[in-house]
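There are 2 protein chains.
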Amino acid sequence: MSNRKNGQWILKTRPVGMVKESDFDYVETPVAELLADNEVLIRNLYFAFEPAMRGWLNDVKSYLPPVQIGDVMRAGTVGQVIESNNPDFTVGDYVSGTMGWQEYVIIDGKPGMTGAVNKVPEGVPPYLMLSALGTTGLTAYFGMLDLGKPGVGDVVVVSGAAGATGSVAGQIAKIKGAAKVVGIAGGEAKCKWLTEELGFDIAIDYKSENVKDELSKHCPNGIDIFFDNVGGEILDAALINMANNGRIVLCGGISAYNETELPPGPSNYMQLVIRRCTMAGFIVLDYLDQAPKAYSDILGWIADGSLKHAEDIQEGIENTPKTFLRLFEGKNRGKQLLKIAEPPIA
Amino acid sequence: MSNRKNGQWILKTRPVGMVKESDFDYVETPVAELLADNEVLIRNLYFAFEPAMRGWLNDVKSYLPPVQIGDVMRAGTVGQVIESNNPDFTVGDYVSGTMGWQEYVIIDGKPGMTGAVNKVPEGVPPYLMLSALGTTGLTAYFGMLDLGKPGVGDVVVVSGAAGATGSVAGQIAKIKGAAKVVGIAGGEAKCKWLTEELGFDIAIDYKSENVKDELSKHCPNGIDIFFDNVGGEILDAALINMANNGRIVLCGGISAYNETELPPGPSNYMQLVIRRCTMAGFIVLDYLDQAPKAYSDILGWIADGSLKHAEDIQEGIENTPKTFLRLFEGKNRGKQLLKIAEPPIA
Chain A
17 MSNRKNGQWI
27 LKTRPVGMVK
37 ESDFDYVETP
47 VAELLADNEV
57 LIRNLYFAFE
67 PAMRGWLNDV
77 KSYLPPVQIG
87 DVMRAGTVGQ
97 VIESNNPDFT
107 VGDYVSGTMG
117 WQEYVIIDGK
127 PGMTGAVNKV
137 PEGVPPYLML
147 SALGTTGLTA
157 YFGMLDLGKP
167 GVGDVVVVSG
177 AAGATGSVAG
187 QIAKIKGAAK
197 VVGIAGGEAK
207 CKWLTEELGF
217 DIAIDYKSEN
227 VKDELSKHCP
237 NGIDIFFDNV
247 GGEILDAALI
257 NMANNGRIVL
267 CGGISAYNET
277 ELPPGPSNYM
287 QLVIRRCTMA
297 GFIVLDYLDQ
307 APKAYSDILG
317 WIADGSLKHA
327 EDIQEGIENT
337 PKTFLRLFEG
347 KNRGKQLLKI
357 AEPPIA
Chain B
17 MSNRKNGQWI
27 LKTRPVGMVK
37 ESDFDYVETP
47 VAELLADNEV
57 LIRNLYFAFE
67 PAMRGWLNDV
77 KSYLPPVQIG
87 DVMRAGTVGQ
97 VIESNNPDFT
107 VGDYVSGTMG
117 WQEYVIIDGK
127 PGMTGAVNKV
137 PEGVPPYLML
147 SALGTTGLTA
157 YFGMLDLGKP
167 GVGDVVVVSG
177 AAGATGSVAG
187 QIAKIKGAAK
197 VVGIAGGEAK
207 CKWLTEELGF
217 DIAIDYKSEN
227 VKDELSKHCP
237 NGIDIFFDNV
247 GGEILDAALI
257 NMANNGRIVL
267 CGGISAYNET
277 ELPPGPSNYM
287 QLVIRRCTMA
297 GFIVLDYLDQ
307 APKAYSDILG
317 WIADGSLKHA
327 EDIQEGIENT
337 PKTFLRLFEG
347 KNRGKQLLKI
357 AEPPIA
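Protein chains in written order, with my numbering: chain A, 17 to 362; chain B, 17 to 362.
Spelled out as structure tokens, the structure:
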């Protein structure tokens with residue numbers, strides 16, 4: 017075994033308000049010289065970035081414990097097995113898991129998403145495990161199908177539609193027969209991409225258009241499903257435009273993730289009563305036992321051309337915090353990834 | 017037919033902010049001398065009052081059209097048939113319906129809740145059709161059972177618990193096996209009544225106690241069902257105390273009904289995501305085809321002593337607007353009613 021150094025990004029300070037590059041620190045630690053029984057040494061190749069990671073930096077009780085100061089930042093990654101003392105893993109295997117912002121990780125080979133790893137299926141590009149087949153893709157899949165329940169003729173609106181989850185959620189609604197899928201995104205380029213590349217029927221640019229008025233114009237009979245990644249004024253604009261018996265799928269609320277004080281909630285929430293609507297939250301971790309079915313559906317849709325996946329791939333481990341910030345600057349189109357190495361094993 | 021005058025309370029001006037007695041006007045109009053075929057003349061005996069009626073005074077699109085200036089105020093009432101040209105109705109029959117704030121009403125005898133009337137079943141006190149068997153009782157029944165889905169062991173919290181809907185909703189949860197039912201109400205007398213008379217396990221006085229802290233103390237493992245009639249800070253206090261997979265039944269939001277500007281929504285709404293909760297609204301009008309089953313259950317529970325109904329009965333048609341205001345002054349315990357006459361037919 018070589019005398020490897022493990023480059024790691026750790027949480028230095030808890031961000032107050034907008035997360036900053038300086039909230040993280042780059043350190044190097046030695047990689048263990050010898051693997052114990054069942055241990056596997058993995059070289060990370062790609063890091064995945066998600067808005068929800070901002071929440072893990074706050075010292076509050078949530079669906080996952082907060083990342084502690086000094087800890088390697090928690091993140092989904094894919095890597096390649098470079099040494100193995102485990103009969104289930106062969107050198108050269110690609111694996112995905114929550115392996116964090118670091119170059120190397122040693123795992124004990126137990127299955128599961130948190131802390132351990134899954135093998136990347138044969139023929140699947142490894143980074144796809146972080147985008148359409150990753151947490152954000154599965155979030156879109158289970159949120160849209162299990163809570164949104166799209167049916168033929170439904171009018172579906174997705175906020176954060178150019179993001180990794182929103183872009184997949186809107187396409188799944190279309191695949192399931194939605195009559196109209198409207199995406200809300202920031203900027204002309206993203207909007208054009210939604211309608212010209214991904215098959216959205218309408219795109220609303222929240223930076224230059226009045227979302228409430230545009231929704232009212234494009235959804236004159238109301239919104240059957242609103243898949244929300246943003247919160248704030250956009251959620252309020254959707255609430256006032258819901259159809260009777262509509263479903264609001266609460267996926268995220270990126271507009272508030274970097275606020276120091278919790279902003280006010282949706283003033284129009286009583287529309288849920290008047291229009292007999294349901295607003296429901298979910299966490300994708302609860303659905304992981306159904307992931308094989310999701311993988312199979314998503315791979316099928318990619319193969320037949322009905323689902324397009326998109327990745328925004330930056331490069332270089334030195335750019336890790338900067339790449340994370342792209343999410344909150346609205347820079348990414350599709351899944352935000354960072355490539356930190358070429359596969360060492362050919 | 018006598019030369020009857022019909023005393024009526026009409027909407028004079030649309031209230032701005034808190035509704036006032038002077039927003040209504042008392043007028044007298046003649047009652048038609050002759051009934052046409054199928055018509056029935058009814059003498060109203062009781063008016064029912066509900067917070068939702070405040071919403072009908074605003075000139076906005078909602079689940080029912082707004083009451084127009086000059087119209088008799090829409091309200092549930094019970095009355096007695098005093099003349100009938102309809103084979104289905106006999107003089108002396110008691111009927112309930114949305115007959116408005118007036119002494120007399122002529123209906124054409126078609127069935128249905130809005131505009132027409134239902135006969136009060138034999139042996140049922142007529143005013144019960146406005147309380148436990150009225151809109152508020154049915155709202156409690158369908159909201160708690162269809163949306164709340166209480167089960168054995170559930171921890172249930174009801175706001176506006178001393179009101180007509182809240183008091184019934186909490187008792188139904190208990191009947192269905194809830195492990196703990198917590199009521200939130202204003203003032204010591206109401207709180208005592210909830211625990212000593214209605215079988216609530218805990219009562220929180222929002223006027224003298226910190227609701228968030230009390231909920232956290234009494235529901236250490238979280239709230240499975242929150243049945244909300246109030247909104248505002250109380251909804252926020254419940255959101256931060258929900259259990260995983262909890263249900264919020266949005267029934268009303270009385271805290272905002274008299275506000276000129278729509279107040280901010282619940283800041284803590286993203287707890288719905290973290291705790292995988294559902295918040296759903298409903299309108300009881302959608303459930304009226306299932307009312308017979310509800311009547312039968314509620315009458316059974318009253319008969320076996322498991323459900324207590326309560327009415328706050330004021331008297332005199334001259335006190336109509338004043339009695340309406342009692343709802344927003346927090347004065348009523350149970351269903352707010354106004355008795356305007358003794359039954360003319362013995």
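Here a beta-carbon is modelled for each residue, glycine too, at the ideal position from N, C-alpha and C.
Only a predicted model underlies this, so the values are computations on that prediction, with no experimental measurement involved.
ask   = Measuring CA to CA, which of A:I264, A:N74, A:Q84 and A:A52 is closest to A:W25?
value = Working through the first sequence from its first residue, we reach residue 25 of chain A at position 9. When each option's Cα is compared against that of A:W25, the closest is A:Q84.
request  = Pick helix, strand or coil for B:A205, following the three-state DSSP scheme.
outcome  = Counting from one through the second sequence, the residue named residue 205 of chain B turns up at place 189. Looking at B:A205 - three-state DSSP - the assignment turns out to be helix.
inquiry  = So, at 6 Å on beta carbons, what are the nonlocal neighbours of B:D41 in its own chain, with the 5 sequence-adjacent residues on each side left out?
reply    = As a first step, residue 41 of chain B is located in the second sequence; it is residue number 25 there, counting from the start. Once the five neighbours on either side are set aside, the close Cβ partners of B:D41 are I26 and K28.
inquiry  = So with CB distances below 8 Å, who are the chain A contacts of B:C293?
reply    = Within the second sequence, numbered from 1, the residue matching residue 293 of chain B stands at position 277. Listed along chain A are A296 and G297, each with a C-beta nearer than 8 Å to that of B:C293.
ask   = Unbroken alpha helix (DSSP H) runs of length 4 or more, entirely within the segment 32 to 76 of chain A: which are they?
value = Entirely contained in the segment 32 to 76 of chain A, the alpha helix (DSSP H) runs reaching 4 residues are, in chain order, 68 to 71.
ask   = Tell me the DSSP bridge mates of B:Y110?
value = By one-based count along the second sequence, residue 110 of chain B stands at place 94. Note: B:Y110 sits in a beta bridge opposite B:Q96.
query = Are any of the Cβ atoms in chain B nearer than 7 Å to that of A:P82?
reply = The residue you call residue 82 of chain A lines up with position 66 of the first sequence. False, the Cβ-Cβ gap to chain B never drops below 7 Å.
task = Could you spell out where the beta strand (DSSP E) holding A:Y157 opens and where it closes?
result = Working through the first sequence from its first residue, we reach residue 157 of chain A at position 141. Judged by DSSP secondary structure, A:Y157 falls outside any beta strand (DSSP E) and instead within the alpha helix (DSSP H) spanning T151 to F158.
ask   = Is there a Cβ from chain B that is less than 7 Å from the Cβ of A:I290?
value = Within the first sequence, numbered from 1, the residue matching residue 290 of chain A stands at position 274. Cβ-Cβ to chain B under 7 Å: yes for A:I290.
inquiry  = Quick check: B:G269 and B:G297, are their CB atoms within less than 7 Å of each other?
reply    = By one-based count along the second sequence, residue 269 of chain B stands at place 253. By one-based count along the second sequence, residue 297 of chain B stands at place 281. No, they are not a contact pair.
query = Do you know offhand how far A:A307's Cα is from B:P279's?
reply = Indexing the first sequence from 1 puts residue 307 of chain A at position 291. Indexing the second sequence from 1 puts residue 279 of chain B at position 263. Rounded to the nearest angstrom, the two C-alpha atoms are 41 Å apart.
task = Kindly list the residues whose CB is nearer than 8 Å to the CB of B:I122, restricted to its own chain and excluding five residues on each side of it in sequence; keep chain order.
result = By one-based count along the second sequence, residue 122 of chain B stands at place 106. V47, A48, L51, E55, V56, L57 and I58, listed in sequence order.
request  = Identify, in the order they occur along the chain, each residue of the same chain with its Cβ nearer than 7 Å to the Cβ of A:K165, setting aside the five sequence neighbours on each side.
outcome  = Here residue 165 of chain A corresponds to residue number 149 of the first sequence, with the count starting at 1. Cβ contact annotation for A:K165 (same chain, cutoff 7 Å, sequence separation greater than five): R263, in chain order.
task = Go ahead and label B:T181 buried or exposed: buried means 16 or more other beta carbons lie within 10 angstroms of its beta carbon, across all protein chains shown.
result = In the second sequence, the residue the question calls residue 181 of chain B occupies position 165. Burial check for B:T181: the Cβ neighbour count within 10 Å reaches 16 or more, so the residue is buried.
request  = Express the C-alpha separation of A:E327 and A:D221 in angstroms, rounding to a whole number.
outcome  = Position 205 of the first sequence holds residue 221 of chain A. Position 311 of the first sequence holds residue 327 of chain A. Roughly 21 Å separates the two Cα atoms.
ask   = Going along chain B in order, which residues have a C-beta closer than 7 Å to the C-beta of A:Y79?
value = Start at 1 with the first residue of the first sequence, and residue 79 of chain A comes out as number 63. I290, listed in chain order.
DSSP three-state assignment for B:S175, whether helix, strand or coil = For the purposes of this step, residue 175 of chain B is taken as residue 159 along the second sequence, with counting starting at 1. In the three-state reduction of the DSSP assignment, B:S175 falls in the strand class.
7 Å Cβ cutoff, B:L278 in contact with chain A = Position 262 of the second sequence, counted from the first residue, corresponds to residue 278 of chain B. Any Cβ of chain A closer than 7 Å to the Cβ of B:L278 would place that residue at the interface, and such an atom is present.
key: chain A contacts from the segment 138 to 167 of chain B (Cβ-Cβ distance under 8 Å)   = Of all residues in the segment 138 to 167 of chain B, none places a beta-carbon less than 8 Å from a beta-carbon of chain A.
key: Where A:M145 falls: helix, strand or coil (DSSP)   = Residue mapping note: residue 145 of chain A aligns to position 129 of the first sequence, counting from 1. The answer is helix: DSSP assigns A:M145 an H, G or I state.
B:E230: first and last residue of the uninterrupted alpha helix (DSSP H) it sits in = For this step, residue 230 of chain B is matched to residue 214 along the second sequence. It spans V227 to H234 - the alpha helix (DSSP H) in which B:E230 sits, taken as one unbroken run.
key: Under 9 Å by beta carbon: chain A residues contacting B:Y285   = Residue numbering aside, residue 285 of chain B sits at position 269 when the second sequence is read from its first letter. By Cβ distance, chain A contributes G247, L251, L266, G269, G281, P282, Y285, M295 and G297.
ask   = Does the distance from the C-beta atom of B:K206 to that of B:R349 stay below 7 Å?
value = Along the second sequence, one-based indexing puts residue 206 of chain B at 190. Along the second sequence, one-based indexing puts residue 349 of chain B at 333. Contact annotation: B:K206 and B:R349 have beta-carbon atoms nearer than 7 Å.
request  = Closer than 8 Å by beta-carbon distance: list the chain A residues that pair up with B:D240, in chain order.
outcome  = Numbered from 1 along the second sequence, position 224 holds the residue referred to as residue 240 of chain B. Per Cβ cutoff of 8 Å: no residues; B:D240 is ~15 Å from chain A at best.
task = Kindly list the residues whose CB is nearer than 7 Å to the CB of A:P31, restricted to its own chain and excluding five residues on each side of it in sequence; keep chain order.
result = In the first sequence, the residue the question calls residue 31 of chain A occupies position 15. Around A:P31: D39 and L73.
query = Are A:G92 and A:L146 closer than 7 Å when you measure CB to CB?
reply = Locating residue 92 of chain A in the first sequence gives position 76, counting from the first residue. Locating residue 146 of chain A in the first sequence gives position 130, counting from the first residue. Yes. Within cutoff.
request  = Tell me the start and end of each unbroken alpha helix (DSSP H) in the segment 245 to 322 of chain B that is at least 4 residues and wholly inside, in chain order.
outcome  = The alpha helix (DSSP H) runs lying completely inside the segment 245 to 322 of chain B and spanning 4 residues or more are 248 to 255, 287 to 290 and 307 to 319, given in chain order.
ask   = Just reading off the alpha helix (DSSP H) that A:V184 is part of, what are its end residues?
value = Counting from 1 along the first sequence, the entry for residue 184 of chain A is found at position 168. Here the alpha helix (DSSP H) through A:V184 covers A180 to I191.
inquiry  = Going by DSSP, what residue range makes up the alpha helix (DSSP H) through B:K351?
reply    = Position 335 of the second sequence, counting from 1, holds the residue named residue 351 of chain B. Run containing B:K351: none in the alpha helix (DSSP H); it sits in the beta strand (DSSP E), K351 to K355.
key: DSSP bridge partner residues for B:N134 (one or two, in chain order)   = On the second sequence, position 118 is the one that residue 134 of chain B refers to. For B:N134, which the question treats as bridged, DSSP gives the partners B:S112.
ask   = Would a C-beta distance cut-off of 7 Å place A:A194 and A:D170 closer than the cut-off?
value = Counting from 1 along the first sequence, the entry for residue 194 of chain A is found at position 178. Counting from 1 along the first sequence, the entry for residue 170 of chain A is found at position 154. With a cutoff of 7 Å on beta-carbon distance, A:A194 and A:D170 are scored as near each other.
message = Helix, strand or coil for B:I241? Go by DSSP, reduced to three states.
response = Here residue 241 of chain B corresponds to residue number 225 of the second sequence, with the count starting at 1. DSSP places B:I241 in strand when its eight states are reduced to three.
inquiry  = Is the separation between the beta-carbon of A:G202 and that of A:G346 shorter than 7 Å?
reply    = Here the question's residue 202 of chain A lines up with position 186 in the first sequence. Here the question's residue 346 of chain A lines up with position 330 in the first sequence. A:G202 is a Cβ neighbour of A:G346, given a cutoff of 7 Å.
DSSP state of B:K223 mapped onto helix, strand, coil = On the second sequence, residue 223 of chain B is found 207 positions in, with the first residue counted as 1. In this structure, B:K223 counts as coil in the three-state DSSP scheme.
request  = Hey, could you find the ends of the alpha helix (DSSP H) B:K338 is sitting in?
outcome  = For the purposes of this step, residue 338 of chain B is taken as the residue at position 322 of the second sequence. It spans T336 to F344 - the alpha helix (DSSP H) in which B:K338 sits, taken as one unbroken run.
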